[in-house]
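*Asks:* Protein sequences appear in the order of chains A and B.
To convert a position in the first sequence, counted from 1, into this note's numbering, add 84.
To convert a position in the second sequence, counted from 1, into this note's numbering, add 10.
From the three backbone atoms N, C-alpha and C, an ideal C-beta is built for every residue, glycine too.
As the structure is a computational prediction, the values presented were derived from the model and not from experiment.
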Amino acid sequence: MDVVFNQLFAGLSMASILLIIALGLAIIYGAMGVINLAHGEFVMLGAYTTWACQHYLGFGILLSLPFVFVVVGAIGWLIERTIVQRLYDRPLDTILATWGIGIMLQQLVRIVIGPESRFVSGPDFLRGNLEIGNVVMSNYRIFVIFFSIAVLLATWALLTKTEFGTKLRAVIQNRSISECYGIESKRIYSLTFAYGAGLAGIAGTLITPLFSTIPTMGTSLVVDAFLVVIIGGLGSIIGAAAAAVMIGELTAMFSLVINDTLGRIGVLACVIVLIRLRPRGLFPENTRG
Amino acid sequence: MSKILKYDLVALLVLFIIVLFGFPTFLGFDGYELNLYSRYLSLGIVSMALALSWGTTGILNLGQAATFGIGSYIMAMHLKIKGSADLPDFMVWNNVDVLPWFWVPFHSLSFTLVAGLLIPALVGGLIGVFMFRARISGVFVAVITLAFLVAFQLLVVNYQGYTGGQNGLTGLAPLTLFGWTVDTYSIQFYYLVAGCLIAALVIGLYLVHSKFGLILRAIREDANRTRFFGYNVASYETVIFCISAALAGWSGMLYTLVLQFASPTYMSVSFSLGIVIWCAVGGRNSVIAAAVGAIIVNILQGKLSDVYVEGWHMMLGATFVLVVLFMPRGLHGLVGTVWHRLSQRKADKKPQTVLSKKAKTGQTEGGR
Numbered sequence: 085m086d087v088v089f090n091q092l093f094a095g096l097s098m099a100s101i102l103l104i105i106a107l108g109l110a111i112i113y114g115a116m117g118v119i120n121l122a123h124g125e126f127v128m129l130g131a132y133t134t135w136a137c138q139h140y141l142g143f144g145i146l147l148s149l150p151f152v153f154v155v156v157g158a159i160g161w162l163i164e165r166t167i168v169q170r171l172y173d174r175p176l177d178t179i180l181a182t183w184g185i186g187i188m189l190q191q192l193v194r195i196v197i198g199p200e201s202r203f204v205s206g207p208d209f210l211r212g213n214l215e216i217g218n219v220v221m222s223n224y225r226i227f228v229i230f231f232s233i234a235v236l237l238a239t240w241a242l243l244t245k246t247e248f249g250t251k252l253r254a255v256i257q258n259r260s261i262s263e264c265y266g267i268e269s270k271r272i273y274s275l276t277f278a279y280g281a282g283l284a285g286i287a288g289t290l291i292t293p294l295f296s297t298i299p300t301m302g303t304s305l306v307v308d309a310f311l312v313v314i315i316g317g318l319g320s321i322i323g324a325a326a327a328a329v330m331i332g333e334l335t336a337m338f339s340l341v342i343n344d345t346l347g348r349i350g351v352l353a354c355v356i357v358l359i360r361l362r363p364r365g366l367f368p369e370n371t372r373g
Numbered sequence: 011m012s013k014i015l016k017y018d019l020v021a022l023l024v025l026f027i028i029v030l031f032g033f034p035t036f037l038g039f040d041g042y043e044l045n046l047y048s049r050y051l052s053l054g055i056v057s058m059a060l061a062l063s064w065g066t067t068g069i070l071n072l073g074q075a076a077t078f079g080i081g082s083y084i085m086a087m088h089l090k091i092k093g094s095a096d097l098p099d100f101m102v103w104n105n106v107d108v109l110p111w112f113w114v115p116f117h118s119l120s121f122t123l124v125a126g127l128l129i130p131a132l133v134g135g136l137i138g139v140f141m142f143r144a145r146i147s148g149v150f151v152a153v154i155t156l157a158f159l160v161a162f163q164l165l166v167v168n169y170q171g172y173t174g175g176q177n178g179l180t181g182l183a184p185l186t187l188f189g190w191t192v193d194t195y196s197i198q199f200y201y202l203v204a205g206c207l208i209a210a211l212v213i214g215l216y217l218v219h220s221k222f223g224l225i226l227r228a229i230r231e232d233a234n235r236t237r238f239f240g241y242n243v244a245s246y247e248t249v250i251f252c253i254s255a256a257l258a259g260w261s262g263m264l265y266t267l268v269l270q271f272a273s274p275t276y277m278s279v280s281f282s283l284g285i286v287i288w289c290a291v292g293g294r295n296s297v298i299a300a301a302v303g304a305i306i307v308n309i310l311q312g313k314l315s316d317v318y319v320e321g322w323h324m325m326l327g328a329t330f331v332l333v334v335l336f337m338p339r340g341l342h343g344l345v346g347t348v349w350h351r352l353s354q355r356k357a358d359k360k361p362q363t364v365l366s367k368k369a370k371t372g373q374t375e376g377g378r
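(1) So does the stretch 100–111 of chain A actually touch the stretch 308–327 of chain A, counting three or more Cβ pairs closer than 8 Å?
(2) Judging by CA-CA distance, which residue of A:284, A:254 and A:337 is the nearest neighbour of residue 85 of chain A?
(3) Quick check on this structure: which residue in A:118, A:307 and A:217 has the alpha carbon closest to the alpha carbon of residue 161 of chain B?
(4) The beta strand (DSSP E) with residue 234 of chain B in it runs from where to where?
(5) Is there a Cβ of chain A sitting closer than 9 Å to that of residue 372 of chain B, yes or no?
(6) Starting from residue 221 of chain A, follow the beta strand (DSSP E) in both directions and report where the run begins and ends.
(7) Could you tell me the distance, in whole angstroms, from the CA atom of residue 235 of chain A to the CA atom of residue 272 of chain A?
(8) So, is the C-beta of residue 356 of chain A closer than 9 Å to a C-beta in chain B?
(9) Tell me, please, whether the CB atom of residue 161 of chain B is closer than 9 Å to any CB atom in chain A?
(10) Need the endpoints of the beta strand (DSSP E) that residue 200 of chain A sits in, please.
(11) According to the neighbour-count rule (16 or more other Cβ atoms, all chains shown, within 10 Å of its Cβ), is residue 251 of chain A buried or exposed?
(12) With a threshold of 9 Å between beta-carbons, can residue 165 of chain A be considered close to chain B, or not?
(13) Pull up the CB-CB distance for residue 351 of chain B and residue 61 of chain B, whole angstroms please, since I reckon it's below 8 Å.
(14) Three or more beta-carbon pairs under 8 Å between the stretch 198–210 of chain B and the stretch 49–66 of chain B, yes or no?
(15) What number of angstroms, rounded off, separates the C-alpha of residue 394 of chain A from the C-alpha of residue 278 of chain B?
(16) If the cut is a Cβ gap below 9 Å, which residues of chain A does residue 148 of chain B touch?
(17) Just to make sure I have the definition right: I need the residues of chain A whose C-beta is within less than 9 Å of the C-beta of residue 247 of chain B. Which are they?
(18) Taking Cβ-Cβ distances below 7 Å as the criterion, which residues of the stretch 318–344 of chain B are in contact with chain A?
(19) Mind pulling the chain A residues with CB within less than 7 Å of residue 156 of chain B?
(20) Chain A partners of residue 281 of chain B, CB-CB under 7 Å?
(21) Closer than 8 Å to a non-hydrogen atom of the ligand ADP - does that hold for the CB of residue 28 of chain B?
(22) Which chain B residues sit within Cβ distance under 7 Å of residue 259 of chain A?
(23) Considering Cα atoms alone, identify which of A:365, A:151 and A:214 is closest to residue 330 of chain A.
(24) What would DSSP say about residue 220 of chain B, mapped onto helix, strand or coil?
(25) Kindly indicate which residue of B:110, B:130, B:159 and B:25 has the alpha-carbon position closest to the one of residue 348 of chain A.
(26) Quick check on residue 242 of chain B: buried or exposed, where buried means 16 or more other Cβ atoms within 10 Å of its Cβ?
(27) Indicate the three-state DSSP secondary structure (helix, strand or coil) for residue 97 of chain B in the structure shown.
(28) Under a CB-based cut-off of 9 Å, is residue 49 of chain B close to chain A?
(29) Ends of the beta strand (DSSP E) at residue 216 of chain A?
(30) Straight-line CA distance for residue 283 of chain A to residue 12 of chain B?
(31) Could you tell me whether any Cβ in chain B is nearer than 9 Å to the Cβ of residue 353 of chain A?
(32) Would residue 140 of chain B pass as an interface residue toward chain A - the criterion being a Cβ-Cβ separation below 9 Å?
(33) Looking only at DSSP bridge pairs, what is residue 186 of chain B linked to?
(34) Below 8 Å, how does it come out for the stretch 106–118 of chain B and the stretch 215–223 of chain B: are there three or more Cβ pairs, yes or no?
(35) In the structure shown, what three-state DSSP assignment does residue 352 of chain B receive?
(36) Between which two residues does the alpha helix (DSSP H) holding residue 173 of chain A run?
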C-alpha cells in the first residue's frame, strides 16, 4: 500500500511541474490559438538561466526564480514581436514556425554553453524528507507542489482580478470588438506570450534539481504539456490543472503496474482515445472567433 | 488538359531528365555519391506523400515518420532473416529462442514487398478511421498523430527482443531481386530508386488531378461545405491517409536498402518534423515541389553539415521560420509568383482576366 502512496506522490510532483509548463501553453493557446512547440525550449532556457545564476552569481534556486521569470519572459516577448505575431491567422503554421524557433534555441545553447549536462544544486533548507508512516516525501517535491498551486492561483487572479486579465478575456472572446473598445490586442498578446514563456522558465528552474540540464530536455516535456492542454480543453485553466494531475498520476500508476516505457505508451493511448471521445477537452471554454 | 496539369507534366519531365541523366551522367557520380543521391531521392517519396495529405487535403500529419519507419523495418526484417543463418543475432542476445510468428512470413520477398505497402496503409487507415469519423481536424489531428508517433517509437524501442531496440536492425544481407544481388553503390540501384520516385510522383499527380483530388482540395478549402454537397468527407480523408501511409512505407523500404540498416531514429519526432520541413520548403501544394524540397534540403544538409554540424541545425531552424513567414507556399509558390509577374508584364496591356485575379489572391492564402 505504501508503494502506491509513494507512487501517487511522485505522480503529483511530476504533475505540478507539468502544470506550470502547461499553464503557459494553455494561456498562449487559449488567447491566440498559437500552439507553441518552442515552449519546451523556454523550459530549457529557464533551467540554463538558473544554472547561470548559480554558477556566476551564486544565487540559490529560490532567489533566481524572479530573475528567470523576467529573462525568459523577455525572450518570449521578443520572439512574439518578431515572429509569432505575423502568424495569428494561420494556426497550423505556428506549430511549424515555433518548432523552427525551438531548433534554433536548442542549437544556440549547444554552441554557446556546450552539449554536456549541467548540475544545479537544490536549496539547502529543503533538503531531507518528510516521512509519514512508510511514505517518504522529499521536502523539495512538496515545495514544488505548493509552489505550482500558488502559480495556478496567481494566474487565475491575474486573469480574473486585474485590468490586464479583463482585457485579455475580452480579446479572447472577440478580438475585433475589443479593439473597437480601445484595447490594443497586439500588446495584450505580446504580454500574454511573455507571461506564458516566463511560466515555462519558472518550470525550468524548478526541475533543475530533479532533471539533468541538457539542451534537448525540452522536447519530451513539450509533448506532454501539449497533451495536457488539448485534454484540458482550449485555454481552460481548470482543465489544464485537472489534465496535468490526470496525466501525472496515470503515468505514475501505469509505471507501477507495468514498466516505465509501457506506462508512457499506455498514457499516450489513453490520451489519444480521450481526444477522440472529447475533442474539445475535459472542460471546454465557450469562446468565439 | 488544364493549365496546372500542363505545368506539372513539364515539371515532372524536367525532374525526370535531371534525376535520370543530370545526376549520374553529367555530374559523373560514382559509388558513394550514387548511394548518397539514392538516399535523397528515396526521401523525396515520403515528402511527396506528406504533400498529398497536408498540402492537398489539409491534414497536417506529424506522425508520417511512423509509417515510414514501418516500411523501413519491414524491409530490414526480410534482409535480417536472409542475413542470419539461424536466428537473428540480437534475438539470441535477448534470449528469444524461436523466431516470433510475425517474423516468419518475411522469409518471402514478395510478401515483404506487398507488406511494406499494405501494413503502413492499414495502420494509416486505422488511425484515419479513428480520427476522421469523429470529425477531428486541424490541430487535433496534429496532436493525435504526434502522440501516436511517440507511443509507437517507445514501443519499438521497448521490445528489444523483437525489434532490436535502440540499435535497430543492423547487419543486413543485400537484397536479391530476381537473382540480381543489389549493390547499393551501383548505378543500377540508383536507377531503381529514381524509377520508384518517378513512379510515385506519377501516382501522386494522377491522384491530385483526378476527380478524387478535386474533392480532396474541396475538403481542404471547406470540409463542411464539401460535406453538405453529399460527399463522405471522412472516407475521402481516410483513403488519402492510407495512400500517403503506403507511399511513406515505400519510401522507408528504399531508405533501409540505401543505408543498410533500420533504426528507431527514423520514427523520432525530429525526423517526422524534418519531413514536414522538406515538404514546406519545396511547397506543400504540389507533389513534385514537395519531393524536390526533400531532395534540395538533404543535398544542402549533406554539403553543409560536413563543414559545420552545429551551424547546420541553426540554419535549418532559421530557414524553416523564414519559409513559414515569407514563403508559405514554399519554393513552388515563389516560382509561381515570379512566373506570374513575368507573364503579367508581357500581357500588361490586356485587360485583367478573372483567372489572373484568382491567381493573385491565391498567393496571399495558404492558411492551412
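*Replies:* Working from what's here:
(1) yes
(2) A:337
(3) A:307
(4) Counting along the chain, residue 234 of chain B falls outside any beta strand (DSSP E), though it belongs to the alpha helix (DSSP H) covering 233–238.
(5) Confidence at residue 372 of chain B is low in this model, with a pLDDT of 44, below 50, so the placement of that residue should be treated as unreliable; the coordinate-derived value is given next. It does not; no Cβ of chain A falls within 9 Å.
(6) 219–222
(7) 20 Å
(8) For residue 356 of chain A, the nearest beta carbon of chain B is closer than 9 Å to its own beta carbon.
(9) yes
(10) No beta strand (DSSP E) contains residue 200 of chain A, which DSSP labels as neither H nor E.
(11) buried
(12) no
(13) In fact, because the Cβ distance is near 25 Å, the residues do not count as touching under 8 Å.
(14) yes
(15) Only positions 85 to 373 of chain A appear in this structure, which leaves residue 394 of chain A out of reach.
(16) 175 and 176
(17) Result: empty, since nearest Cβ-Cβ is about 15 Å, beyond 9 Å.
(18) 320, 323, 324, 326, 327, 328, 330, 331, 334, 335 and 338
(19) Neighbours of residue 156 of chain B on chain A, chain order: 307.
(20) Those do not exist, as residue 281 of chain B stays about 13 Å from chain A at its closest Cβ, beyond 7 Å.
(21) Of ligands this structure carries none, so the ligand ADP is not represented either.
(22) In chain order: nothing, as chain B lies at least about 16 Å away.
(23) Minimum Cα distance to residue 330 of chain A is reached at A:365.
(24) coil
(25) B:159
(26) Counting Cβ neighbours within 10 Å, residue 242 of chain B comes out exposed, since fewer than 16 surround it.
(27) coil
(28) no
(29) Counted as a single uninterrupted DSSP element, the beta strand (DSSP E) harbouring residue 216 of chain A occupies residues 213–216.
(30) 53 Å
(31) yes
(32) At least one chain A Cβ lies under 9 Å of residue 140 of chain B.
(33) B:191
(34) no
(35) Residue state, collapsed to three classes: helix.
(36) Careful: residue 173 of chain A lies outside any alpha helix (DSSP H) and carries neither H nor E.
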